[in-house]
Amino acid sequence: MSPRRAAALGAGDRTLRDHLIATAERLIAERGTAGLTVRAIAREAGVADGVLYNHFADKEELLAHALLAHAESVARPLGPLPEPGTGTVEENLRAYVAHGLALHDGMLPALTGLIAHPAVLSRFAALSDRGGTWKERLAAYLRGERDLGRLDPDARVEAAASLIVGACHEPVLSLLFEGRGLAHRVPPDAVDDLVTTVLDGIAKR
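Residues in the sequence shown are numbered from 0 upward in steps of one, following numbering that gives the first Met the number 0.
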């Protein structure tokens, strides 16, 4: 290991690849992805620009891994999502909505800086799909409740999941397009209305 590489890593046993991902993730959390360059990441990581290409095929691969790390950082404090058969379906849907709003709040500002970079978004999506997206986990939860008989046997759970995901997208995207970020939280009565609307369509008759 070269002296500069050793200095960049500091104490600990993480690899230089992990160090570069962690550095890029921190920059994304602090500044977003708009205008984030290889030079800026390398300078912050304490390495020469070319070092990144020893560990990643290109900038897009590094940013995709950094976005995944950022998504995990956003999701970590939110805790586990409810399992089918626990609590009540209404309480659990509220938990999924709260989880989804928090994810969108934390992730969309970073993702919107990459609208003109579909290669990064495509690679990020491929990495994210390994653990199942939030929408997929929500649909799986609803299928589990349906299988347990706590929802109508003919409940269209995929449509219900799409409705919830779309409702979580809307307030965040609207504010981002106004250039303000998520300046206020979705009011509780709006969450109540969403949960009630979804349950009206899938509740056990």
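Where a beta carbon is used, it is the ideal one built from N, C-alpha and C, also for glycine. These figures come from a predicted structure and were not determined experimentally.
Inter-residue spacing [alpha-carbon to alpha-carbon] between residue i and residue j
i	j	result
R136	L80	9 Å
S72	A39	21 Å
R75	G99	13 Å
A101	L62	21 Å
H54	T132	27 Å
L198	E89	8 Å
G78	A97	11 Å
G49	Y140	45 Å
D151	G200	9 Å
A166	H103	11 Å
Beta-bridge pairing of residue i - partner residues as DSSP gives them
i	result
A202	L150
Environment of residue i [buried if 16+ CB atoms lie within 10 Å]
i	result
T32	buried
I27	buried
L113	buried
H183	Only weak support is given to the placement of H183: the predicted model assigns it a pLDDT of 49, under 50, and the value that follows is read from those uncertain coordinates. So H183 counts as exposed.
L147	exposed
Y52	exposed
E144	buried
A44	buried
G105	buried
A115	exposed
P117	exposed
DSSP-derived helix/strand/coil call for residue i
i	result
L77	helix
S1	Per-residue confidence for S1 stands at a pLDDT of 49, beneath the threshold of 50, marking its modelled position as unreliable; no derived number is given.
L35	coil
V46	coil
E24	helix
T14	coil
A115	coil
R155	coil
D191	helix
E82	coil
H54	coil
**Prompt:** Does the stretch 20-30 come close enough to the stretch 58-67 to have 3 or more Cβ pairs within less than 8 Å?
**Reply:** yes
**Item:** Three or more C-beta pairs below 8 Å linking the stretch 144-158 and the stretch 114-129
**Value:** no
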